[in-house]
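Note sheet for the following structure.
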Amino acid sequence: MKKLIDYIRCIPDFPKKGINFKDITTLLKDGKAFSESVNQLAEPYLNDSINAVVGIEARGFIFAAAVAYRLGVGMIPVRKPGKLPTETICEEYELEYGTDGVEVHKDAIQPGQRILIVDDLLATGGTALATCKLVEKLGGKIRGVRFLIELDFLNGREKLGNYPVSALIHYLF
Ligand code: AMP
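For the sequence shown, our numbering gives the first residue as 1, with consecutive numbering after it.
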């Protein structure tokens, strides 16, 4: 099998000029690459008594759901505002222009539960940090913040401070 990074397709100037978009669909459509990435994402947590996996909309859902299945636990969706049907808590974060937010159902996590957060890609870290805050507001204990891809040059890891961040694929520049 090729290395996982070789299954990622880079699309220059998408969705806007200057962004080198990491397209994961080329990894997802390959059965071996997809299952290998899910196994590697889950591996450090197989014996960590994780209670639930939190996935971040939208591409994060794909990996979070598969990792939750691998660990034999539930999956909790963190969504853009206005998508979840009942009582939520929201966390806002700064974008280059304006703000965005993420939401989770108030009853999604019980205090003390051991939570693994999974997303496809760590860029500036804004989305992941907001998600960590949501989990902690509900009393969850963050055991890991795990990504398929990390854009190291954007220093998202710094923003995430002491949270236990890790990724399978790294782009250094
Ligand atoms: P951020 O909050 O800056 O860490 O970015 C969060 C989300 O934006 C990630 O979960 C990705 O889905 C998406 N994203 C940001 N930059 C890229 C990129 N270069 N290629 C693909 N997706 C990206």
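For each residue, glycine too, the CB sits at the ideal point set by N, CA and C.
Here the structure is a predicted model, which means the values were calculated and not measured.
Distance, Cα to Cα, residue i vs residue j?
{"i": "H105", "j": "L134", "result": "10 Å"}
{"i": "P164", "j": "Y69", "result": "21 Å"}
{"i": "G125", "j": "Y93", "result": "10 Å"}
{"i": "Y171", "j": "F153", "result": "7 Å"}
{"i": "T131", "j": "M1", "result": "33 Å"}
{"i": "Y45", "j": "K32", "result": "21 Å"}
{"i": "G144", "j": "P111", "result": "17 Å"}
{"i": "N39", "j": "P81", "result": "31 Å"}
{"i": "L4", "j": "P15", "result": "23 Å"}
{"i": "N51", "j": "D6", "result": "32 Å"}
{"i": "L84", "j": "G101", "result": "13 Å"}
{"i": "D30", "j": "M75", "result": "23 Å"}
{"i": "L121", "j": "L148", "result": "6 Å"}
Is residue j closer than 7 Å to residue i when the C-beta atoms are compared?
{"i": "V118", "j": "V53", "result": "yes"}
{"i": "L28", "j": "I8", "result": "no"}
{"i": "I109", "j": "G156", "result": "no"}
{"i": "A167", "j": "E150", "result": "yes"}
{"i": "G72", "j": "A64", "result": "no"}
{"i": "S49", "j": "R114", "result": "yes"}
Could you please give the first and the last residue of the uninterrupted beta strand (DSSP E) stretch that includes residue i?
{"i": "I19", "result": "Per DSSP, I19 belongs to no beta strand (DSSP E) and is neither H nor E."}
{"i": "G112", "result": "First-last for G112: undefined, no H or E at that position."}
{"i": "A52", "result": "A52 to I56"}
{"i": "A167", "result": "V165 to Y171"}
{"i": "E103", "result": "T99 to H105"}
{"i": "K137", "result": "No beta strand (DSSP E) contains K137, which is instead part of the alpha helix (DSSP H) from G126 to K137."}
{"i": "R157", "result": "Element bounds for R157: not the beta strand (DSSP E) but the alpha helix (DSSP H), G156 to K159."}
{"i": "R146", "result": "K141 to L151"}
{"i": "Y45", "result": "It is not in any beta strand (DSSP E) - Y45 carries neither H nor E in the DSSP assignment."}
Can you find the residues in the same chain that come closer than 7 Å, C-beta to C-beta, to residue i, ignoring five residues on each side of it along the sequence?
{"i": "I11", "result": "F21 and D23"}
Start and end of the alpha helix (DSSP H) containing residue i?
{"i": "G60", "result": "R59 to L71"}
{"i": "T25", "result": "T25 to L28"}
{"i": "K32", "result": "G31 to A42"}
Can you give me the Cβ contacts of residue i inside the same chain, cut-off strictly under 8 Å, excluding the 5 residues immediately before and after it?
{"i": "I89", "result": "E103, V104, K106, L134, K137 and L138"}
Sorted by chain position, which residues of the same chain lie with C-beta nearer than 6 Å to residue i's C-beta, five sequence neighbours on each side aside?
{"i": "R59", "result": "D120"}
{"i": "K159", "result": "G125 and L129"}
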